[in-house]
Amino acid sequence: MRCTLPALMAVAALAGCAFDDGNPWSEMSATLSVTFDDASRAGDEGEIRTSNDYLVDLERFSFTVSSVQLLRYGAAGLTFDPASPPAGYSLCHNGHCHADDGSLVSYEEVVINEAGSSTSAIVAFAPDLNAELTDSDGAVVELACDGSDCELPRGEIHAVELEVTELEFAATVRDRPGATATLDEPISVQGFGAPSMTLTALVEWKVDDGWPLRFRAGIELVITAEIFDGIDWTTHAEPGFAGYIVDEVQAGITEHALLSATVIAD
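The opening position of the sequence shown corresponds to residue 0 in numbering that gives the first Met the number 0, with each subsequent residue numbered one higher.
Structure below.
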């Protein structure tokens with residue numbers, strides 16, 4: 000499972016000074032935006048074209064973001080070298096390694112897996128954001144926190160982690176005109192579930208002498224239309240199979256979502 004696609008590495012460019020002794024090194028605020036990008040796959044009538052010749056007409060697509068955290072990894076996860084991968088991985092190249100179980104694992108996942116229980120949350124938010132992705136504007140929310148929750152100690156931040164706890168999906172799907180027919184007629188599919196899905200973006204933030212006293216983090220999650228490419232819609236034409244759509248959409252999000260984070264001085 001790939002937890003994240005390209006994460007935007009962010010380094011603050013404006014110098015700051017630490018707070019007085021005994022106080023946090025920096026304070027932060029943050030926004031979270033969630034959008035659905037189907038521009039490269041838009042059909043003539045607004046449907047989404049998939050790579051396996053289906054047209055997906057979205058009627059509802061929403062999910063709930065229940066938590067956002069800034070993480071610090073232990074030393075085990077940070078010593079990963081693609082030229083000398085840890086036990087359980089081999090042939091690391093082009094952003095992924097071959098795991099012993101035969102799966103392809105991204106560098107990000109290797110770092111996360113190696114960090115294991117030594118991972119600690121430096122800042123945690125609970126946005127409880129329900130993002131309706133059929134809205135072209137997506138959703139944007141200010142990630143508020145109280146008191147020390149937004150105060151950072153000196154040290155490095157290695158990742159931004161986002162958890163999705165509910166997903167709802169409804170669409171009408173048909174064959175693309177001119178393609179080899181696999182559906183006798185358009186089908187309606189829908190599903191609702193609680194996937195507890197985690198997405199992670201690696202960052203390189205060093206909260207130290209050169210870091211701003213106060214800063215804002217812009218956290219962005221982009222869901223791309225490629226999430227539907229791996230779905231065999233003929234399965235969902237059969238009665239009783241509609242419930243599995245949530246699992247397949249979740250797998251597509253995990254594979255193709257783009258999570259990133261940038262930093263600006265307040």
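The beta-carbon is built from N, C-alpha and C at its ideal position, and this holds for glycine as well.
- [ ] Tell me where the alpha helix (DSSP H) around Thr49 begins and ends.
- [x] Note, Thr49: premise wrong, no alpha helix (DSSP H); not H, not E.
TODO: Answer with buried or exposed for Asp99, where buried requires no fewer than 16 other C-beta atoms within 10 angstroms of its C-beta.
DONE: Here Asp99 is exposed. Its C-beta has fewer than 16 other C-beta atoms within 10 Å.
Task: CB contact check: Val245 to chain C, cutoff 8 Å - done: Considering every chain present, this structure includes no chain C. It has just one protein chain.
TODO: Would you tell me roughly how many angstroms separate the C-alpha atoms of Asp20 and Arg153, rounded to the nearest one?
DONE: With a pLDDT of 42 at Asp20, under the threshold of 50, the predicted position of this residue should be treated as unreliable, though the coordinate-derived value follows. When rounded, the distance between both Cα atoms is 11 Å.
TODO: Go through its chain and collect everything with a Cβ distance to Asp195's Cβ below 8 Å, but skip five positions before and after it.
DONE: Correcting the residue identity first, residue 195 is Ser in this sequence and not Asp. The residues are Glu162, Val163, Thr164.
Open item on the list: Looking at the strands, I want to know which residues DSSP matches up with Val109.
Closed with: Per DSSP, none; premise fails for Val109.
Open item on the list: Please list the terminal residues of the continuous alpha helix (DSSP H) segment that includes Ala250.
Closed with: 244-255
Task: Beta-carbon proximity list for Pro185, same chain, < 6 Å, skipping 5 on both sides - done: Cβ neighbours of Pro185 beyond the five flanking positions: Thr171, Arg173.
Open item on the list: Per the DSSP calculation, Arg173 is bridged to which residue(s)?
Closed with: The partner list for Arg173 (beta bridge, DSSP) reads Leu54.
Task: Assigned exposure category for His235 - 16 Cβ within 10 Å defines buried - done: buried
Task: Classification of Thr253 by the beta-carbon crowding that lies within 10 angstroms, buried from 16 upward - done: Classification for Thr253: buried.
TODO: Using the Cα positions of Ser25 and Ala120, report the straight-line distance between them to the nearest angstrom.
DONE: Distance between the alpha carbons of Ser25 and Ala120 is about 16 Å.
Task: Selected residue, minimal CA-CA separation from Trp204, among Glu225, Val159, Cys149 - done: Checking every option, the nearest Cα to that of Trp204 belongs to Val159.
Task: Test item: CB-CB of Val221 and Leu257 under 8 Å - done: yes
- [ ] Return the chain-ordered list of same chain residues with a C-beta closer than 6 Å to the C-beta of Asp36, the five sequence neighbours on each side being excluded.
- [x] Hits under 6 Å: Val221, Thr223.
Task: Delimiting residues of the beta strand (DSSP E) encompassing Glu131 - done: 128-131
TODO: Quick one: grab the DSSP three-state call for Thr223.
DONE: Looking at Thr223 - three-state DSSP - the assignment turns out to be strand.
- [ ] Compare the beta carbon distance of Ile263 and Arg215 with 8 Å and say whether it is the shorter of the two.
- [x] yes
Open item on the list: With distance defined between alpha-carbon atoms, name the residue in Ile244, Arg40, Asn51, Asp127 nearest to Val67.
Closed with: Asp127
Task: Burial state of Ala200 (16 or more Cβ within 10 Å) - done: buried
Open item on the list: Quick check on DSSP: helix, strand or coil for Arg153?
Closed with: coil
Open item on the list: Considering Cα atoms alone, identify which of Ala41, Leu69, Gly45 is closest to Val287.
Closed with: Since the first residue of the chain shown is 0 and the last is 265, residue 287 is not available in this structure.
Open item on the list: Let's test the definition: count the other Cβ atoms within 10 Å of the Cβ of Gly192 and tell me whether it reaches 16, buried, or not, exposed.
Closed with: buried
Open item on the list: Using a 10 Å radius around the Cβ and a threshold of 16 neighbouring Cβ atoms, would you call Gly318 buried or exposed?
Closed with: Only positions 0 to 265 of the chain appear in this structure, which leaves residue 318 out of reach.
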